[in-house]
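> For the numbering used here, add 1 to where a residue sits in the sequence shown, where the first one is 1. For each residue, glycine too, the CB sits at the ideal point set by N, CA and C. What you are looking at is a predicted structure, and each value in this text was computed from that prediction instead of being measured. One structure follows; several queries about it will come next.
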Amino acid sequence: MCGIAGEIRPLGGVSGERARHVREVLKRRGPDSGGVYLSDSAVLVHTRLCVVDIENGKQPMSCTRRDGRYIIVYNGELYNTPELRDELIARGCEFKGHSDTEVVLNAFAEFGSECVYKLNGIFAFAVWDEKKRRLFFARDRIGVKPFFYTVSDGTFIFASEIKGILAATDRQPKIDAQGVMEIMLIGPGRTPGYGVFKGIDELKPAHCGFFDENGMRLHRYWDLTDREHTENFEQTAEHVRFLVTDAIKRQLVSDVPIGTFLSGGLDSSIISSVASRKMKEDGRTLQTFTVNYRDNDRFFKATKFQPNSDSDFVGKMTDYLGCDNHVIEIDTPELVRALFQAVEARDLPGMADVDSSLLLFCREIKKHVTVALSGECADEIFGGYPWYRDPSVRAVNGFPWAQSTIFRAGFIRREFTSQINPEEYVQQKYLATVHSTSKLPNLSPLESRMKEMVRLNHDWFMQTLLDDKVTEENRGQINTLCISALYFPRQ
């Protein structure tokens with residue numbers, strides 16, 4: 002996890018006086034090193050968590066290609082680095098190190114905006130073209146890495162976190178009626194692309210764009226598209242097995258210690274199993290991490306979301322893997338004290354104790370490893386939630402996980418509900434997503450509804466969990482199963 006930020010004013014006049022403050026604000030995301038690029042038209046800021054090529058991966062990074070000079074700030078991981086690097090070398094590119102940052106930078110220098118079609122990974126980055134005085138920026142297909150921005154008076158300001166944008170301007174943070182609706186009705190999620198604070202937006206997943214003296218231009222380069230399934234069951238199983246194991250293995254490339262979450266559930270167990278096997282090939286022992294809540298065995302209650310406690314299976318998996326498992330116990334008072342830290346990290350109200358527990362958990366993990374893989378978001382991809390399986394839940398009108406709009410609206414002041422009708426606001430968001438779902442013709446009602454569920458989860462519920470992960474890591478880097486490798490075309 003790294004932090005990126007910048008201020009672009011193509012016609013000149015950038016001072017850079019706030020760059021140091023912005024870097025301090027984002028330092029939690031990248032405590033190992035940082036840097037600033039400054040010209041009359043652009044300032045780029047980077048804070049780095051070192052994972053690959055510690056010495057040669059410093060940013061902002063520049064390269065000269067043909068008649069242009071390009072400077073990048075990048076937050077992410079590229080899973081097809083070797084393949085793309087070889088392609089670029091064949092086209093005449095020279096490399097100083099083996100970082101994925103250098104590969105992404107050279108890919109842009111070589112292919113321009115078309116480079117996004119070649120990137121298999123999770124990323125948010127910006128490249129300044131000195132000659133054209135133009136910024137290119139992009140975000141990964143799923144939206145794992147954050148990218149917030151604001152445009153005003155011919156100036157483009159961006160950052161990994163909302164607080165980074167606020168640190169770069171004199172503007173006081175404001176929330177209008179729509180922002181209130183987002184927090185009270187949509188929260189802990191957000192409308193895709195909406196930054197809640199007035200004047201701040203987030204680059205949507207799978208989008209890229211340019212900013213220059215003519216303004217901003219955005220482009221969507223990827224989308225969930227329904228296609229005919231032509232494989233039989235055996236072929237499908239083999240294909241899915243390949244995608245999952247390939248995604249996991251590609252995330253194990255690291256120059257720093259790496260581990261996995263191990264809850265005892267199916268998702269983290271699969272990831273830990275693949276990771277353990279790969280590490281044993283290299284003569285290493287996998288470090289795994291399990292969270293336990295004090296008195297959980299006394300107070301656990303089964304629900305549709307959690308029919309049983311996964312903890313019973315942790316010991317079995319630990320024995321099977323032969324891993325070095327760390328059990329981290331959290332008590333309720335700790336969770337309460339960490340609530341404020343979690344909100345500060347996220348910049349917005351979130352998932353309360355879910356956020357604070359993840360923050361505390363990752364804080365302990367960071368004492369042992371820098372990178373940890375988790376199975377978060379597997380339920381969205383593989384249909385693990387009740388609304389995928391339970392007909393009574395699946396058929397409910399509206400977001401299946403948010404059926405309390407009227408109750409929530411009761412906490413909103415009349416001055417806001419008089420401007421925006423709460424029920425209509427939520428329903429419009431829901432219907433817009435349903436209507437944007439890609440569907441082949443002549444689907445059965447069940448199949449049609451399942452497509453809608455995938456879209457709803459992909460655009461909303463999954464994004465909430467990703468927000469949770471990228472803000473609560475607390476100096477560690479947590480990779481999820483929900484990564485672009487699962488969506489990237491098989492080579």
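Output needed for His230: all residues of its chain with C-beta closer than 6 Å, excluding positions within five of it in sequence on either side, in chain order.
Against the sequence shown, residue 230 aligns to sequence position 229. So the list is empty, once near-sequence residues are dropped.
> Provide the residue span of the beta strand (DSSP E) that contains Glu78, from first to last.
Counting from one through the sequence shown, the residue named residue 78 turns up at place 77. Counting along the chain, the beta strand (DSSP E) containing Glu78 begins and ends at Gly69 to Leu79.
> From Arg456 to Asp313, what distance separates their C-alpha atoms?
Walking along the sequence shown from the start, residue 456 turns up at place 455. Walking along the sequence shown from the start, residue 313 turns up at place 312. Answer to the nearest angstrom: the Cα atoms are 33 Å apart.
> For the beta strand (DSSP E) that Asp213 lies in, which residues bound it at each end?
Working through the sequence shown from its first residue, we reach residue 213 at position 212. Its beta strand (DSSP E) spans residues His208 to Asp213.
> In chain order, which beta strand (DSSP E) runs of at least 3 residues are fully inside the segment 193 to 278?
208 to 213, 216 to 221 and 259 to 262, all fully within the segment 193 to 278.
> For the segment 80 to 94 against the segment 37 to 45, do three or more pairs of beta-carbon atoms, one drawn from each stretch, fall closer than 8 Å, so that the two count as touching?
Touching, no.
> Look at the alpha carbon of Gly180 and the alpha carbon of Phe124, and state the distance between them as a whole number of angstroms.
Here residue 180 is taken as the residue at index 179 of the sequence shown, counted from 1. Here residue 124 is taken as the residue at index 123 of the sequence shown, counted from 1. Rounded to whole angstroms, Gly180 to Phe124 spans 27 Å at the Cα level.
> Tell me, please, whether the segment 363 to 377 touches the segment 265 to 274 by the rule of three or more beta-carbon pairs shorter than 8 Å.
Touching, yes.
> Could you pull out every residue in the same chain whose Cβ sits closer than 6 Å to the Cβ of Ala339, ignoring the five residues on either side in sequence?
For this step, residue 339 is matched to residue 338 along the sequence shown. Excluding sequence neighbours, Ala339 sits near Ser357, Leu360 and Leu361.
> Roughly how many whole angstroms lie between the Cα atoms of Met2 and Phe148?
For the purposes of this step, residue 2 is identified with residue 1 of the sequence shown, where counting begins at 1. For the purposes of this step, residue 148 is identified with residue 147 of the sequence shown, where counting begins at 1. C-alpha separation (whole angstroms): 13 Å.
> How would you label Glu416, buried or exposed, when you count the other beta carbons within 10 angstroms and need 16 or more for buried?
The residue given as residue 416 occupies position 415 in the sequence shown. With fewer than 16 other Cβ atoms within 10 Å, it is exposed.
> Given a cut-off of 8 Å on the beta-carbon distance, is the pair Arg395 and Trp388 in contact?
The residue given as residue 395 occupies position 394 in the sequence shown. The residue given as residue 388 occupies position 387 in the sequence shown. Yes, these two residues count as a Cβ contact at 8 Å.
> Among residues of its own chain, excluding the 5 on either side of Arg412, which ones have a beta-carbon nearer than 8 Å to its beta-carbon?
By 1-based counting over the sequence shown, the position of residue 412 is 411. Going by the sequence as given, residue 412 is Phe instead of Arg. So the qualifying residues of the chain are Met185.
> Report the residue ranges of all beta strand (DSSP E) runs contained in full by the segment 302 to 348; include only those spanning at least 3 residues, in chain order.
If we require 3 residues or more, the beta strand (DSSP E) runs fully inside the segment 302 to 348 come out as 325 to 331.
> Whose C-alpha, out of Thr192, Arg30 and Arg251, is nearest the C-alpha of Glu162?
Taking the sequence shown and counting its residues from 1, one reaches residue 162 at position 161. That would be Arg30, whose Cα lies nearest to the Cα of Glu162.
> Would DSSP call Asp354 helix, strand or coil?
On the sequence shown, residue 354 is found 353 positions in, with the first residue counted as 1. Reduced to three states, the DSSP call for Asp354 is helix.
> Out of Asp227, Asn121 and Ala160, which one is the CA nearest neighbour of Ile249?
Along the sequence shown, one-based indexing puts residue 249 at 248. With distances taken between Cα atoms, Ile249 lies closest to Asn121.
> Say whether the segment 217 to 235 touches the segment 438 to 455, bearing in mind that this needs 3 or more beta-carbon pairs closer than 8 Å, one atom from each stretch.
Yes, since at least three Cβ pairs between the segment 217 to 235 and the segment 438 to 455 fall closer than 8 Å, the two stretches touch.
> Hey, is the segment 319 to 331 in contact with the segment 157 to 175, meaning 3+ C-beta pairs nearer than 8 Å?
No, they do not touch.
> The beta strand (DSSP E) spanning Met62 covers which residue range?
On the sequence shown, residue 62 is found 61 positions in, with the first residue counted as 1. Where Met62 is concerned, the enclosing beta strand (DSSP E) stretches over Met62 to Arg66.
> In chain order, what residues of the same chain lie with their CB nearer than 7 Å to the CB of Tyr150, ignoring the 5 residues before and after it?
The count along the sequence shown starts at 1 and reaches residue 150 at position 149. Excluding positions up to five away in sequence, the list reads Phe157, Ile158, Phe159, Asp202 and Leu204.
> Helix or strand or just coil, what does DSSP make of Pro83?
In the sequence shown, the residue the question calls residue 83 occupies position 82. Reduced to three states, the DSSP call for Pro83 is helix.
> Using only the alpha-carbon positions, how far apart do Gly385 and Ala303 sit?
Locating residue 385 in the sequence shown gives position 384, where the first residue counts as 1. Locating residue 303 in the sequence shown gives position 302, where the first residue counts as 1. Using only the alpha carbons, I get a separation of about 16 Å.
> Please look up how many angstroms separate the CB atoms of Asn107 and Cys94, rounded, as I've assumed it's under 8 Å.
For the purposes of this step, residue 107 is taken as the residue at position 106 of the sequence shown. For the purposes of this step, residue 94 is taken as the residue at position 93 of the sequence shown. Contact flag correct, Cβ pair sits at about 5 Å.
> Determine the closest residue to Val254 out of Gly14, Pro32, Asn233 and Met280, with distance taken between C-alpha atoms.
Position 253 of the sequence shown, counting from 1, holds the residue named residue 254. Of the candidates Gly14, Pro32, Asn233 and Met280, the one whose C-alpha sits nearest the C-alpha of Val254 is Met280.
> Taking only three categories from DSSP, how would you classify Asp283?
For the purposes of this step, residue 283 is identified with residue 282 of the sequence shown, where counting begins at 1. Residue state, collapsed to three classes: coil.
> Mapping the DSSP letters down to three states, classify Phe462 as helix, strand or coil.
Taking the sequence shown and counting its residues from 1, the one referred to as residue 462 is at position 461. If DSSP states are grouped into helix, strand and coil, Phe462 belongs with the helices.
> Could you check where the alpha helix (DSSP H) with Thr406 kicks off and where it finishes?
As a position in the sequence shown, residue 406 is number 405, starting the count at 1. It spans Thr406 to Ala410 - the alpha helix (DSSP H) in which Thr406 sits, taken as one unbroken run.
> Let's test the definition: count the other Cβ atoms within 10 Å of the Cβ of Ala127 and tell me whether it reaches 16, buried, or not, exposed.
Residue 127 sits at position 126 when you count from the first residue of the sequence shown. That one is buried.
> Whose C-beta lies closer than 7 Å to the C-beta of Pro193 among residues of the same chain, with five residues either side of it excluded?
Taking the first residue of the sequence shown as 1, we reach residue 193 at position 192. These residues qualify, in order along the chain: Lys205, Asp460 and Gln464.
> Who does Asp130 pair with in a DSSP beta bridge?
Within the sequence shown, the letter at position 129 stands for residue 130. Answer is Tyr71 and Arg135.
> Please classify Gly113: is it buried, with 16 or more other beta-carbons within 10 angstroms of its beta-carbon, or exposed?
Here residue 113 refers to the residue found at position 112 of the sequence shown. It counts as exposed.
> What does Thr156 pair with, by DSSP beta-bridge criteria?
Numbered from 1 along the sequence shown, position 155 holds the residue referred to as residue 156. DSSP lists Ser153 as partners of Thr156.
> Looking at Arg140 and His208, is the spacing between their C-beta atoms short of 8 Å?
For the purposes of this step, residue 208 is identified with residue 207 of the sequence shown, where counting begins at 1. For the purposes of this step, residue 140 is identified with residue 139 of the sequence shown, where counting begins at 1. Taking 8 Å as the Cβ cut-off, His208 and Arg140 qualify as a contacting pair.
> Looking at the strands, I want to know which residues DSSP matches up with Gln288.
Working through the sequence shown from its first residue, we reach residue 288 at position 287. DSSP output for Gln288 lists Gly260 and Asp325 as bridge partner(s).
> Once DSSP output is grouped into helix, strand and coil, what is the label at Ala403?
The sequence position of residue 403 within the sequence shown is 402, counting from 1. If DSSP states are grouped into helix, strand and coil, Ala403 belongs with coil.
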